[in-house]
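**Student:** Note that the UniProt record's numbering has the sequence shown beginning at 1, numbered continuously upward.
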Amino acid sequence: MTGFGDARDERDDHAITAEVRTINNRHFKLNLRTTDGYAALDSRIEAVVREYVRRGTVNVNIRIRHMSDAEDYRVNVAVLENYVDQLQKVAAKRQLAEDIRLESLANLPGVIEELSSEASEAEEVWPLIEPTLRASLEALTAMRTAEGMALAADLAAQCSAVESSLNAIATRSPQVVEGYRQRLQDRVGEVLAKFNASIEPIDVVREICVFADRSDISEEIVRLRSHLAQFAQALQAAESAGRKLEFICQEMGRETNTIGSKANDAEISHEVVEIKTALERIREQIQNVE
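1. Could you pull the start and end residues of the alpha helix (DSSP H) that Val20 belongs to?
2. Excluding sequence positions up to five away, which residues of its chain have a Cβ less than 6 Å from the Cβ of Gln230?
3. Give the DSSP-derived three-state secondary structure of Val222 in the structure shown.
4. Note down, in chain order, each residue of its chain lying with its Cβ closer than 8 Å to the Cβ of Val48, except the 5 sequence neighbours on either side.
5. Exposed or buried, which one is Ser117 when buried takes at least 16 other CB atoms within 10 Å?
6. Enumerate in chain order the residues of its own chain whose CB-to-CB distance from Glu10 is below 6 Å, with the five nearest sequence positions on each side excluded.
7. Quick one: grab the DSSP three-state call for Ser117.
8. What does the alpha-carbon distance come out to for the pair Ala119 and Asn61?
9. Can you check DSSP and say which residues form a bridge with Glu10?
10. So Ile64 is in the beta strand (DSSP E); what residue range does that whole segment cover?
11. Is there contact between the segment 155-162 and the segment 271-285, where contact requires at least three CB pairs shorter than 8 Å?
12. Could you say if the segment 253-260 and the segment 235-245 meet the contact criterion of at least three C-beta pairs nearer than 8 Å?
13. Is the separation between the beta-carbon of Leu228 and that of Thr256 shorter than 8 Å?
14. Since Lys29 sits in a beta bridge, which residues does DSSP pair it with?
15. Quick one: give me the first and last residue of the alpha helix (DSSP H) that Leu41 is part of.
16. Where does Thr141 sit, in a helix, a strand or coil, going by DSSP?
17. If you pair each beta-carbon of the segment 84-95 with each one of the segment 28-37, do three or more pairs fall below 8 Å?
18. Thinking C-alpha only, which one of Val111, Leu235, Ala106 and Val176 is nearest Ala157?
19. Within this structure, are the beta carbons of Gly56 and Met1 separated by less than 8 Å?
20. Let me know the secondary structure DSSP gives Arg101 once reduced to three states.
21. Can you say whether Thr22 is buried or exposed, counting buried as having 16 or more other CB atoms within 10 angstroms of its CB?
22. Could you check what DSSP says for Ile112 in three-state terms: helix, strand or coil?
23. Rounded to whole angstroms, what is the Cα-Cα separation between Leu128 and Ile45?
24. Specify the secondary structure class of Thr256 as computed by DSSP and reduced to three states.
25. Could you tell me the distance, in whole angstroms, from the CA atom of Val53 to the CA atom of Ala152?
26. Taking only three categories from DSSP, how would you classify Thr34?
27. Starting from the Cα of Ala106, find the closest Cα among Glu124, Val77, Ala92 and Leu96 and give me that residue.
28. Could you give the distance in angstroms between the alpha-carbon of Leu166 and the alpha-carbon of Thr277?
29. Counting only the same chain and skipping the five closest in sequence on each side, list residues whose C-beta sits under 6 Å from that of Pro271.
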């Protein structure tokens, strides 16, 4: 599922910022960016992220800044004197009388060194990074939970549509055999009257039994109802159920295809199309479920 979470903290002369974004993916994929010098913490960061996210593409951006104070800056005397020597040589050679001012020299590269720009020891900063990272993941989880509730409601509505069509199929199914029996008897009667012939009633019964057996979808209806119940249970489960829901949806699709191929009835075929439409919507939404 998609989501965003961020957190900031300032402690022990460090400013930590953590941002986490997730987008849909069937598998877990982590894209991690950290401030230069802290790559040693990548495995720890991934372990924490996996506690909160099991499926999807996760983009994590962590910035660590050491807050400066007066002792974090110093003048590099060697670099400064080198600049002065070179400038004096150029001035003497060109007979220039311009004064060399310190404020101008201070702006030259390398004269003022910022010691805080160097990364601190990664292991020392981790106790500051971890709480901020977890706070951003908590915010992410809250957003994803809200989205998950809306998603669950939509999936439940699609399952209700499947169940409604399945009830219509179950009601219609016995009528299919009866309709075939009536049509068969009428046609046989017409043919026999036309040719002044006769036929044993057992032959008609046998043909009807063959048709009834070939078009029987009672087992498929029972299995599809069972899959619907399993799907509803998986939606209520506390643990991650994305892959389980995906498997159940595939099984419901198989039973629906079998019903459509065996039923041999226009009304049932219409309901099968409705079920397939709902299952396709479910299949698309399941890709967002962790």
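For glycine and all other residues, C-beta sits at the position ideal for the given N, C-alpha and C.
A quick note: this is a predicted structure, and the numbers were derived from the prediction, not measured.
**Tutor:** Taking the structure as given:
1. One-based indexing of the sequence shown puts residue 20 at position 20. Segment His14 to Ile23 is the beta strand (DSSP E) holding Val20; no alpha helix (DSSP H) there.
2. The count along the sequence shown starts at 1 and reaches residue 230 at position 230. Excluding residues within five positions, the ones whose Cβ falls inside 6 Å are Ile248.
3. Position 222 of the sequence shown, counting from 1, holds the residue named residue 222. Note: Val222 maps to helix in three-state DSSP.
4. Against the sequence shown, residue 48 aligns to sequence position 48. Glu130, Leu133, Arg134 and Leu137.
5. Position 117 of the sequence shown holds residue 117. Its pLDDT being 45, under 50, Ser117 is placed unreliably in this model, and the value from its coordinates should be taken loosely. It is exposed - the Cβ of Ser117 has fewer than 16 other Cβ atoms within 10 Å.
6. Mapped onto the sequence shown, residue 10 falls at position 10. Cβ neighbours of Glu10 beyond the five flanking positions: none.
7. Walking along the sequence shown from the start, residue 117 turns up at place 117. No answer about Ser117 holds up, because its pLDDT of 45 lies below 50 and its placement is not dependable.
8. Counting from 1 along the sequence shown, the entry for residue 119 is found at position 119. Counting from 1 along the sequence shown, the entry for residue 61 is found at position 61. At Ala119, the pLDDT of 48 sits below 50, so the modelled position is not reliable and the matter cannot be decided from this model.
9. The residue you call residue 10 lines up with position 10 of the sequence shown. Looking at the DSSP assignment, Glu10 forms a beta bridge with Ala15.
10. Start at 1 with the first residue of the sequence shown, and residue 64 comes out as number 64. Its beta strand (DSSP E) spans residues Gly56 to His66.
11. yes
12. no
13. Translated into the one-based positions of the sequence shown, residue 228 becomes position 228. Translated into the one-based positions of the sequence shown, residue 256 becomes position 256. No, the pair does not count as a contact, with Cβ atoms beyond the cut-off.
14. Taking the sequence shown and counting its residues from 1, one reaches residue 29 at position 29. Beta-bridge pairing links Lys29 to Thr57.
15. Translated into positions along the sequence shown, residue 41 becomes position 41. Where Leu41 is concerned, there is no enclosing alpha helix (DSSP H), given that its DSSP letter is neither H nor E.
16. The sequence position of residue 141 within the sequence shown is 141, counting from 1. Reduced to three states, the DSSP call for Thr141 is helix.
17. no
18. Here residue 157 refers to the residue found at position 157 of the sequence shown. The residue with the shortest Cα to Cα distance from Ala157 is Leu235.
19. In the sequence shown, residue 56 corresponds to position 56, counting from 1. In the sequence shown, residue 1 corresponds to position 1, counting from 1. Cβ distance < 8 Å, so Gly56 and Met1 count as in contact.
20. As a first step, residue 101 is located in the sequence shown; it is residue number 101 there, counting from the start. Looking at Arg101 - three-state DSSP - the assignment turns out to be coil, as it is neither helix nor strand.
21. To locate residue 22, count along the sequence shown from 1; it is residue 22. So Thr22 counts as buried.
22. Within the sequence shown, residue 112 is the residue found at index 112, counting from 1. Strand.
23. Counting from one through the sequence shown, the residue named residue 128 turns up at place 128. Counting from one through the sequence shown, the residue named residue 45 turns up at place 45. Taking the straight line joining both Cα atoms gives about 12 Å.
24. Position 256 of the sequence shown, counted from the first residue, corresponds to residue 256. Three-state result, Thr256: helix.
25. In the sequence shown, residue 53 corresponds to position 53, counting from 1. In the sequence shown, residue 152 corresponds to position 152, counting from 1. Answer to the nearest angstrom: the Cα atoms are 18 Å apart.
26. On the sequence shown, position 34 is the one that residue 34 refers to. It is a strand residue.
27. Reading the sequence shown from its first residue, position 106 is the one you call residue 106. Of the candidates Glu124, Val77, Ala92 and Leu96, the one whose C-alpha sits nearest the C-alpha of Ala106 is Val77.
28. Translated into the one-based positions of the sequence shown, residue 166 becomes position 166. Translated into the one-based positions of the sequence shown, residue 277 becomes position 277. Whole-angstrom Cα-Cα distance: 13 Å.
29. As a position in the sequence shown, residue 271 is number 271, starting the count at 1. Residue identity check: residue 271 is Glu in the sequence provided, not Pro. Counting only Cβ-Cβ distances below 6 Å, and skipping sequence neighbours, we find Ser165, Ala168 and Ile169.
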